[in-house]
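A.B. asks: The structure follows.
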Amino acid sequence: MTTLRFTLPGARLRRATPLRAITLSATRWSLMFNMLKRYIELKPFLLAIADDTIDVLRLNVEEDREVTALLVTLEDLNSITLTLQGDECSLLEVRQIFDTVIEEYPDAVGRLGPSARVVKKLSFESAIVKILRDTETTMTAEECESVNKLRNEENIESSAAGMALPVMSLAERALKKKKVMRMTSGFMDCRFLCPTSMMCERFFSSTKLAIGDRRCSMTPKIFGEKM
């Protein structure tokens, strides 16, 4: 793909198709998927280029099969990456996505599992996921302590007051109590606790671009205006 971006091979490629070669970037792994996908798209036009420097670099049949198989895997992972970049993705959705990836690719458990090294607060994240799943009754003492400040005492008191008024029959009260216990949580709506997303990454990237080596003496006020 790098050779196809050179002047002469690139000019011959433009005569055959408007598609351009995509090269790999060390900072964006998604370009690996884009590069392999573009290779599959350009493969029918490589013979029409009639360039010796390209012909010697063409893949054989076995390598083509490996690229096709790898592209299928990368397509799945790329769809997951795009989903994780969403600003409305909650911790529960991230956990569900990671669990699905681990089911398909067990080797990823070391990096994506609930106890992976990148998880800084294991008890807190596990507790938030259980709250969002409405299974907070299964939380351990350590998990309860980690989310103690997220308790919503008003919901607990209003739920207890509502269940204390026996205005229905015993069967109705039993069903109502079960429904209230299922729908009313003793914690805040934890969907506002977003995982690290592309919004954060874009902010850090723009911060690095704004500050730079020549702008280290920028005052906080000016920096705030720039950002």
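Position one of the sequence shown corresponds to residue 2 (the working numbering), numbered consecutively onward. Using N, Cα and C, we set each Cβ at its ideal position, and we do this for glycine too. Since this is a predicted model, take the numbers as computed values, not measurements.
(1) So what does R152 bridge to, in DSSP terms?
(2) How about the segment 3-15 and the segment 34-50: do they share at least three Cβ pairs that are nearer than 8 Å?
(3) Report the residue from F204, V73, V130 and E89 whose alpha carbon sits nearest the alpha carbon of M189.
(4) Leaving out five residues on either side along the sequence, give the residues of the same chain with a beta carbon under 7 Å from the beta carbon of R134.
(5) Tell me whether S127 is buried or exposed, calling it buried when 16 or more other Cβ atoms sit within 10 Å of its Cβ.
(6) Quick one: using the 10 Å Cβ neighbour count with 16 as the cut-off for buried, is F204 buried or exposed?
(7) Out of T139, I132, L43 and V120, state which residue places its alpha-carbon closest to the alpha-carbon of N153.
(8) Along the chain, which unbroken stretches of the alpha helix (DSSP H) at least 4 residues long are found entirely within the segment 107-132?
(9) Determine the DSSP secondary structure at E88, reduced to helix, strand or coil.
(10) Let's test the definition: count the other Cβ atoms within 10 Å of the Cβ of R21 and tell me whether it reaches 16, buried, or not, exposed.
(11) Can you tell me whether E137 is helix, strand or coil according to DSSP?
(12) Would you mind sorting A161 into buried or exposed? The rule is 16 or more other CB atoms within 10 Å of its CB.
(13) Can the beta-carbon of P196 be found closer than 9 Å to that of V102?
C.D. replies: So, to answer that:
(1) R152 is bridged to F188.
(2) Contact between the segment 3-15 and the segment 34-50 is present, because at least three Cβ pairs lie under 8 Å.
(3) Selected option, being the one with the closest Cα: V130.
(4) Annotation for R134: L93 place their beta carbon closer than 7 Å to its own, counting only its chain and skipping 5 residues before and after.
(5) Buried is the call here.
(6) So F204 counts as exposed.
(7) Checked all of T139, I132, L43 and V120; the closest Cα to N153 is I132.
(8) Within the segment 107-132, the runs of alpha helix (DSSP H) at least 4 residues long that lie entirely inside it are, in chain order, 110-113.
(9) In the sequence on display, residue 88 carries Asp and not Glu. In this structure, D88 counts as coil in the three-state DSSP scheme.
(10) Counting of Cβ neighbours within 10 angstroms places R21 among the exposed residues, the total staying below 16.
(11) Helix at E137.
(12) Only weak support is given to the placement of A161: the predicted model assigns it a pLDDT of 44, under 50, and the value that follows is read from those uncertain coordinates. Taking a 10 Å sphere around the C-beta of A161, we find fewer than 16 other C-beta atoms and assign the residue as exposed.
(13) Not closer than 9 Å, so no.
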